[in-house]
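In our numbering, the protein residues as written are 304 to 758.
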Ligand code: NAP
């Protein structure tokens, strides 16, 4: 495909970019390594000042940044602008809390003084996806830079302008040149960067194959990785749930970002007692969504980011249908318009052996499972190779406690939408990855946790 801005709403190629040459990569790595030696000595207060300045820029120019996101990957403009604001939040959060999160931690031992000190590692590589093209990068960059590391970004090939403007924001905020650099490179150039001895660790958000490939290379080189991969999050609705709230939130949970979110609710697991009513109201709300130009404020559902995402999604849907699953609504790509549009779709009654059992549906497709009770709901929720987030709806405290305890996921939200929040760790188990971003845990991933013992 190459590195290019291609408008997903029209299919128009707006701008193409040449990938960096070997020589350019070498000189950028040299700059990163050199700046690390001085940057690691900068006081936390100075780093915080720069990060707060980045937050101001993000808020000041949120509309401009929003338009770049929407042009490149098709999310509705109102969520793109909200994404720029959320990035400002994570910058301010780490600017305020990093010093406390990375302060020396005393420990009582046989020493006269012993403690833990957190120190930066050096150059950290971030391989990032297009679906939250600003947020994914800032939630890596804010803690990494506060910890004294320097960052290099290999962004998804369809969001090069987002990648470049993020580097501009960090430079304009006052960070020394080279503390954060965008590398316009293809996936095939990642290996050489990972194995470079100056690169100390890597984080990847994206698909399983990409994560497995990066982690295998990093493993050979004995370098730490954090992987934030896919999910097929359950959304459980029990009999005691506030049904109206559960259905309204279900729409956002499935449709946010045109259905392309790792923590989108993908499998709706509803007990028989309320399933018919849940289905009826969900259909009604899906039908009311406005599909169209993502640049328009009133659009709810824009195009999928690329033609291949559309093709992959449709293929999963067609296999479900061929094997005998029921189509409640949608189920067929929209052929009456250009761009990568897919209609809101609900499938149910899956026979064994469909992709609903183990695949991630990355788009506006809800999979509806009917179950007799909470035991079956938990069993169904856990019967998947992923374990990212889970949302469950009940007003019964004992049931909520069971769900919190028994759901196999990196996060459980009771009576709410699974969402990322700078104050809470974010990450998965099983094939959804390992390691955590955000919260205190996120800033402690890429540091040397140094034990100090003084007699
Ligand atoms: P993807 O193809 O894996 O792309 C993600 C990034 O990895 C891109 O920068 C891509 O570069 C790069 N990449 C791809 N193959 C690679 C390889 N073999 N070695 C090194 N880098 C490689 O992912 P996607 O399909 O676009 O993104 C959607 C996936 O991301 C979904 O599964 C979603 O659930 C997941 N996701 C997870 C989270 C989370 O926090 N857990 C958040 C958002 C998305 P190119 O663009 O150049 O190929």
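Ideal placement from N, C-alpha and C gives every residue a C-beta, glycine not left out.
Can you list, in chain order, the stretches of the beta strand (DSSP E) that have 3 or more residues and sit fully within the region 377 to 448?
416 to 423, 426 to 430
Report buried or exposed for residue 523, applying the criterion of at least 16 other Cβ atoms within 10 angstroms of its Cβ.
It is exposed - the Cβ of residue 523 has fewer than 16 other Cβ atoms within 10 Å.
Does the separation of the CB atoms of residue 680 and residue 572 fall below 7 angstroms?
yes
Could you tell me if residue 751 is buried or exposed, where buried requires 16 or more neighbouring beta carbons within 10 angstroms of its beta carbon?
exposed
Neighbour-count burial assignment, residue 409, 16 or more Cβ in a 10 Å radius:
exposed
Quick one: grab the DSSP three-state call for residue 745.
helix
Beta strand (DSSP E) segment containing residue 670, residue limits:
668 to 674
Best match in 513, 378, 735 for proximity to residue 609 [C-alpha to C-alpha]
The shortest C-alpha separation from residue 609 is found at 378.
Verify the contact flag: residue 517, CB atom, against every heavy atom of the ligand NAP, threshold strictly below 6 angstroms.
yes
Below 6 angstroms, is the gap between the Cβ of residue 319 and the nearest heavy atom of the ligand NAP?
no
Below 7 angstroms between beta carbons: does that hold for residue 664 and residue 424?
no
Cα-Cα separation between residue 631 and residue 586, rounded to whole angstroms
8 angstroms
Inter-residue Cα distance where the pair is residue 641 and residue 335
42 angstroms
The ligand NAP heavy atoms versus the CB of residue 493: any closer than 6 angstroms?
yes
Pull the bridge partners of residue 661 from the DSSP assignment, please.
According to DSSP, residue 661 bridges with nothing at all.
Are the CB atoms of residue 397 and residue 482 nearer to each other than 7 angstroms?
no
Element boundaries [alpha helix (DSSP H), containing residue 361]:
347 to 363
Spatially closest choice to residue 375 from 460, 421, 346, 430, by CA coordinates
460
Determine the burial state of residue 682: buried for a count of at least 16 other Cβ atoms within 10 Å of its Cβ, exposed for fewer.
exposed
Residue 460 Cβ short of 6 angstroms to the ligand NAP heavy atom set:
Yes.
Could you give the distance in angstroms between the alpha-carbon of residue 487 and the alpha-carbon of residue 431?
12 angstroms
Take residue 395 as the anchor and find which of 351, 709, 437 has the nearest alpha-carbon.
351
Identify whether residue 678 lies in helix, strand or coil by the three-state DSSP scheme.
Residue 678 falls in the helix class under three-state DSSP.
Straight-line Cα distance separating residue 360 from residue 506:
25 angstroms
For residue 751, three-class secondary structure by DSSP
strand
Touching or not, the region 657 to 673 and the region 549 to 569, by the rule of three or more beta carbon pairs under 8 angstroms?
yes
DSSP three-state label for residue 323, please.
In the three-state DSSP reduction, residue 323 falls in the coil class, being neither helix nor strand.
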